[in-house]
Structure formats: structure tokens, C-alpha cells
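Residue numbers (our numbering): 162 to 298.
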């Protein structure tokens with residue numbers, strides 16, 4: 162394969178969203194939902210992501226050679242979505258957020274990352290500052 166072809170496969174592979182998770186051994190693992198078997202590992206998050214990209218590029222090349230379909234990259238996500246909650250759940254979240262000194266959004270993000278096993282994939286929320294801030298997002 163020529164350098165130009167390799168670059169083209171790597172460019173295509175970078176279009177796929179990667180989730181990087183710190184492993185217990187101090188390394189990082191990266192995976193892409195679009196390619197269930199593709200995994201990258203490295204000493205840093207960037208290294209793990211780049212290893213994943215190389216793996217996806219090889220998979221794309223292989224799938225093309227076999228004439229198999231190549232998954233389309235997932236749509237880009239804005240990071241915002243609306244959720245309707247029972248008032249009692251909203252109140253419980255607001256109370257927990259206030260007790261932790263966080264916003265409701267930061268609290269929900271934290272709880273979701275814990276529930277999905279994505280600790281470390283998302284920045285830790287910062288505690289709220291001033292006394293006049295509301296926690297009832």
C-alpha cells in the first residue's frame with residue numbers, strides 16, 4: 162500500500178468517534194461503537210486513540226477488499242439532550258447536587274459516567290463557587 166493510500170485509510174478511520182477509558186493498570190483503552198472488535202491501547206489517551214485509528218483503518222481496508230459494507234460513522238453529538246423527569250427525581254438530583262456543591266448537570270453527568278462504567282472518560286466536575294448559585298438546574 163502506498164503512503165497516500167495509508168493516509169487515506171487513516172483519515173477515514175479518524176471520522177469514527179472514540180471513547181478512551183483509563184484501565185486499572187495505568188494504561189488507556191480506546192474503542193469505537195461503530196467497530197465492535199476494534200480496540201486500541203496505550204500509555205496515554207492519545208496513544209490509545211491512535212492505535213484504535215490504525216486498527217479501524219486496517220478493518221476498513223479489509224472490508225473493502227472483501228466487498229463487505231463499511232459502517233458509517235455515528236452522527237456527531239452535541240453533548241446536550243432534554244430529559245423529562247418526575248418532580249421527585251428532579252428534586253432528589255437537585256438536593257444531591259447542592260450537597261456536593263455541584264450543578265444538577267454536573268451531578269447527572271457524574272452519575273451517568275459511573276453507571277455506564279466510563280469513569281475517567283469525562284472530565285471530573287468542578288465544585289460550585291459562590292453562595293448565590295442555585296443547584297436546581
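Cβ coordinates follow ideal geometry from the N, Cα and C atoms, glycine included.
In this text the structure is predicted, and so the values were computed from the model without any measurement.
Rounded straight-line distance, which links the Cα of residue j to that of residue i
| i | j | result |
| --- | --- | --- |
| residue 230 | residue 239 | 27 Å |
| residue 172 | residue 232 | 15 Å |
| residue 205 | residue 263 | 29 Å |
| residue 202 | residue 165 | 25 Å |
| residue 175 | residue 188 | 21 Å |
| residue 249 | residue 182 | 33 Å |
| residue 246 | residue 278 | 23 Å |
| residue 271 | residue 241 | 15 Å |
| residue 251 | residue 180 | 29 Å |
| residue 227 | residue 269 | 44 Å |
| residue 222 | residue 163 | 13 Å |
Distance CB(residue i)-CB(residue j) smaller than 9 Å
| i | j | result |
| --- | --- | --- |
| residue 210 | residue 199 | no |
| residue 178 | residue 184 | no |
| residue 267 | residue 258 | yes |
| residue 207 | residue 235 | no |
| residue 261 | residue 218 | no |
DSSP beta-bridge partners of residue i
| i | result |
| --- | --- |
| residue 182 | 190 |
| residue 262 | For residue 262, which the question treats as bridged, DSSP gives no partner whatsoever. |
| residue 269 | In the DSSP output, where bridge partners are listed per residue, residue 269 has none listed. |
| residue 200 | 192 |
Residue burial classification, residue i (beta-carbon count within 10 angstroms, cutoff 16)
| i | result |
| --- | --- |
| residue 170 | buried |
| residue 244 | exposed |
| residue 220 | buried |
| residue 213 | buried |
| residue 216 | buried |
Near the ligand NAD: residue i beta-carbon under 8 Å from a heavy atom
| i | result |
| --- | --- |
| residue 190 | As far as ligands go, the structure on display features none, and thus does not contain the ligand NAD. |
Minimum Cβ-Cβ distance from residue i to chain B less than 9 Å
| i | result |
| --- | --- |
| residue 226 | In the displayed structure, chain B is absent; only one protein chain is listed. |
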